[in-house]
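Trainee:
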Amino acid sequence: MMGGPLPLPVIYVLEATGLSGGVKNVLEQANRLYQRGVDVRVASLGARPRWFPLRVPFLRFRDYRALVGALKTVEAIKVATWWNTAQAVWESCDEAQGGRGIPVYLVQDIETSYYPDDAAMRKRVAETYRLPMACLTIAPWIATHLRAHYGREAIDVSIAVDHDVFFPQRDDSVDPRSILACARPRQRIKGFDVTLEAVRRVRESLADVSFVTYGLEPFQVAWIRHRHLLRPPDTTLARLYSNCGVFVQSSHHEGFGLPILEAMACGVPVVATRATGNETFCRDGWNCLLVERGRPDQLAAAIRRVLTDPELARTLAEGGRKTARFYTWPAVIDRLVAAFQRIARDRGLARACR
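Written out as structure tokens, the structure reads:
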């Protein structure tokens, strides 16, 4: 809006709105830009999320064709948030196709990694990184990869946790022998099968352990004392983190690994696999224990160490809290507004030189 922190409205384009770190980051950006006085909206093919308190206008479309048609007439900064949204954002801004606005690509991961067995899909994803759009990202490793492999420069605005929600809050539900994990069995890249096998091995030597999971879909196991929460809001999730004995994430790859940072902010020791993105902030032996990907034996051994060594658990929890304090939303939004201002200014200069 004219006179505000940005010269144009901002429209984030999502494909889906289910619970995930990437979607949560987008919705947090939208809310917090709105709090700064930015005219911001979210457009999606999915329904308005019930699990997140979104405070900005939400536009739902039946398909990408309808979305592009509606956004073409809007002069705005339009932000792609997933590889399959990039082409739609570009088309809605392409003046040669009757579009308006400034296309921006928020690259939250190198998403070719989601298709390890499909070369054609990896090629389709890679082509989106070559679209002539300004790029933002959330982690230094992504910016480095875009530069090295696609010749693209990206502005790293980082990521954050809501410290008003995610903080240590122990209560009567605390269970120092409970293992907490996000259950995403359908997404192979998240390696949840590795967590399951590791928990099974831990239970063989620690019979009193329990298993707590949360996620988007129903999930149940019968061979261990287990509780599953379906689509919990952040306030509930923060209590889960705060009252477990260890949080475990065994991804094969992460763009960043936001649940790990949320768990650290809540003061719970973390065990995780080395998954590229989480190595941006994970430090083995200081704020977590890191093991190799796809190794349930190593994961189980690390979980046992945390659950049976209170001093180690305290050390990791304290290191995690110190780490999480560096990731604040005011700092991210400062960088984000500055990035949008720069992108809009550069676009204006480019037009003036034509």
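The sequence shown begins at 0 in numbering that gives the first Met the number 0 and counts up by one.
Using N, Cα and C, we set each Cβ at its ideal position, and we do this for glycine too.
What you are looking at is a predicted structure, and each value in this text was computed from that prediction instead of being measured.
Quick check on DSSP: helix, strand or coil for Gln-186?
Mentor: Sequence index remark: in the sequence shown, residue 186 carries index 187 (1-based). Gln-186: coil per DSSP, three-state reduction.
Trainee: Could you tell me which residues DSSP puts in a beta bridge with Lys-77?
Mentor: Position 78 of the sequence shown, counting from 1, holds the residue named residue 77. Note: Lys-77 sits in a beta bridge opposite Ile-10 and Pro-102.
Trainee: Using 8 Å as the cut-off, can you tell me whether the segment 275-284 makes contact with the segment 177-184, which would need three or more C-beta pairs spanning the two stretches below that distance?
Mentor: They do not touch, by the three-pair rule.
Trainee: Arg-303 to Leu-215, Cα distance in whole Å?
Mentor: For the purposes of this step, residue 303 is taken as the residue at position 304 of the sequence shown. For the purposes of this step, residue 215 is taken as the residue at position 216 of the sequence shown. Cα to Cα, Arg-303 sits roughly 27 Å from Leu-215.
Trainee: Consult DSSP for Val-41 and reduce its assignment to one of helix, strand or coil.
Mentor: One-based indexing of the sequence shown puts residue 41 at position 42. Reduced to three states, the DSSP call for Val-41 is strand.
Trainee: Are the CB atoms of Gln-248 and Pro-232 nearer to each other than 8 Å?
Mentor: Here residue 248 corresponds to residue number 249 of the sequence shown, with the count starting at 1. Here residue 232 corresponds to residue number 233 of the sequence shown, with the count starting at 1. No, these two residues do not count as a Cβ contact at 8 Å.
Trainee: Taking 8 Å as the cut-off, decide whether the C-beta atoms of Cys-265 and Pro-167 are in contact.
Mentor: As a position in the sequence shown, residue 265 is number 266, starting the count at 1. As a position in the sequence shown, residue 167 is number 168, starting the count at 1. Yes, Cβ-Cβ distance for Cys-265 and Pro-167 is below 8 Å.
Trainee: Starting from Thr-235, trace the alpha helix (DSSP H) both ways and give me its first and last residue.
Mentor: As a position in the sequence shown, residue 235 is number 236, starting the count at 1. Unbroken alpha helix (DSSP H) run through Thr-235: 233-241.
Trainee: Can you have a look at Met-0 and say buried or exposed, based on whether 16 or more other CB atoms are within 10 angstroms of its CB?
Mentor: Taking the first residue of the sequence shown as 1, we reach residue 0 at position 1. Per-residue confidence for Met-0 stands at a pLDDT of 38, beneath the threshold of 50, marking its modelled position as unreliable; no derived number is given.
Trainee: Using only CA atoms, which one of Asn-24, Asp-116, Val-211 and Ala-221 lies nearest to Leu-53?
Mentor: The count along the sequence shown starts at 1 and reaches residue 53 at position 54. Closest option to Leu-53, Cα to Cα, is Asn-24.
Trainee: Relative to the C-alpha of His-251, which candidate in Val-78, Glu-110 and Val-88 has its C-alpha closest?
Mentor: By one-based count along the sequence shown, residue 251 stands at place 252. Per the Cα distances, Glu-110.
Trainee: DSSP three-state label for Val-164, please.
Mentor: Within the sequence shown, the letter at position 165 stands for residue 164. Reduced to three states, the DSSP call for Val-164 is coil.
Trainee: In whole angstroms, what is the alpha-carbon distance linking Val-193 and Arg-200?
Mentor: Within the sequence shown, the letter at position 194 stands for residue 193. Within the sequence shown, the letter at position 201 stands for residue 200. Looking at the two C-alpha atoms, the distance is approximately 11 Å.
Trainee: State the CB to CB distance for the pair Ala-29 and Val-39, rounded to an integer number of angstroms; the pair is presumed to be in contact (CB under 8 Å).
Mentor: Along the sequence shown, one-based indexing puts residue 29 at 30. Along the sequence shown, one-based indexing puts residue 39 at 40. Ala-29 to Val-39, Cβ: 5 Å. Contact.
Trainee: Quick one, which of Leu-18, Arg-176, Tyr-128 and Trp-285 has its alpha-carbon nearest Thr-84's?
Mentor: Reading the sequence shown from its first residue, position 85 is the one you call residue 84. Of the candidates Leu-18, Arg-176, Tyr-128 and Trp-285, the one whose C-alpha sits nearest the C-alpha of Thr-84 is Tyr-128.
Trainee: Within the continuous alpha helix (DSSP H) that includes Val-88, where are the two ends?
Mentor: Residue 88 sits at position 89 when you count from the first residue of the sequence shown. Note, Val-88: alpha helix (DSSP H), 82-92.
Trainee: For Pro-6, collect the residues of the same chain with a Cβ closer than 6 Å to its Cβ; drop the 5 residues on either side in sequence, then sort them by chain order.
Mentor: What you label residue 6 is simply residue 7 of the sequence shown in a count that begins at 1. Hits under 6 Å: Ala-343.
Trainee: Are Arg-346 and Ile-101 touching if we call contact CB-CB under 8 Å?
Mentor: As a working mapping, residue 346 is identified with position 347 in the sequence shown. As a working mapping, residue 101 is identified with position 102 in the sequence shown. Yes.
Trainee: Measuring straight from C-alpha to C-alpha, what distance separates Pro-309 and Ala-301?
Mentor: Along the sequence shown, read from residue 1 onward, the residue named residue 309 stands at position 310. Along the sequence shown, read from residue 1 onward, the residue named residue 301 stands at position 302. If I take the Cα positions, the gap works out to 13 Å.
Trainee: Once you ignore the five residues that flank Arg-226 on each side, which residues in its own chain have a CB closer than 6 Å to its CB?
Mentor: The residue given as residue 226 occupies position 227 in the sequence shown. Excluding sequence neighbours, Arg-226 sits near Val-211.
Trainee: Only counting the same chain, and skipping five residues up and downstream in sequence, which positions put a Cβ closer than 8 Å to that of Cys-287?
Mentor: Residue 287 sits at position 288 when you count from the first residue of the sequence shown. Around Cys-287: Ile-259, Met-263, Pro-268, Val-269, Val-270, Ala-271, Cys-281, Leu-315, Gly-318 and Gly-319.
Trainee: Closest to Ser-357 by CA distance: which of Glu-253, Arg-294 and Thr-307 is it?
Mentor: The question about residue 357 has no answer here: the residues shown for the chain are numbered 0 through 353.
Trainee: Which term fits Pro-8, buried or exposed, when burial requires 16 or more other beta carbons within 10 angstroms of its beta carbon?
Mentor: Working through the sequence shown from its first residue, we reach residue 8 at position 9. Buried.
Trainee: Pull up the CB-CB distance for Val-331 and Ser-157, whole angstroms please, since I reckon it's below 8 Å.
Mentor: Taking the first residue of the sequence shown as 1, we reach residue 331 at position 332. Taking the first residue of the sequence shown as 1, we reach residue 157 at position 158. Indeed they touch by this definition, with Cβ atoms about 5 Å apart.
Trainee: Tell me the residue span of the alpha helix (DSSP H) that contains Leu-311.
Mentor: Within the sequence shown, numbered from 1, the residue matching residue 311 stands at position 312. Counting along the chain, the alpha helix (DSSP H) containing Leu-311 begins and ends at 309-323.
Trainee: Does Glu-203 come out as helix, strand or coil in the three-state DSSP assignment?
Mentor: As a working mapping, residue 203 is identified with position 204 in the sequence shown. Helix.
Trainee: What would DSSP say about Thr-72, mapped onto helix, strand or coil?
Mentor: Counted from its first residue, the sequence shown places residue 72 at position 73. Looking at Thr-72 - three-state DSSP - the assignment turns out to be coil, as it is neither helix nor strand.
Trainee: Which term fits Gln-34, buried or exposed, when burial requires 16 or more other beta carbons within 10 angstroms of its beta carbon?
Mentor: For the purposes of this step, residue 34 is taken as residue 35 along the sequence shown, with counting starting at 1. Exposed.
Trainee: Confirm, please, whether the CB-CB distance from Gly-3 to Gly-36 is below 8 Å.
Mentor: Against the sequence shown, residue 36 aligns to sequence position 37. Against the sequence shown, residue 3 aligns to sequence position 4. Yes.
Trainee: Short check: CB of Arg-224 to CB of Ser-209, under 8 Å?
Mentor: For the purposes of this step, residue 224 is taken as the residue at position 225 of the sequence shown. For the purposes of this step, residue 209 is taken as the residue at position 210 of the sequence shown. Yes, the Cβ-Cβ distance between Arg-224 and Ser-209 is below 8 Å.
Trainee: Less than 6 Å between C-beta atoms, sequence neighbours within five positions excluded: which residues of the same chain meet that for Gln-107?
Mentor: Translated into positions along the sequence shown, residue 107 becomes position 108. So the qualifying residues of the chain are Gly-21, Ile-137 and Gly-254.
Trainee: Measuring alpha carbon to alpha carbon, tell me which of Thr-234, Leu-229, Arg-31 and Val-67 ends up nearest Val-55.
Mentor: Mapped onto the sequence shown, residue 55 falls at position 56. Nearest of Thr-234, Leu-229, Arg-31 and Val-67 to Val-55, Cα basis: Arg-31.
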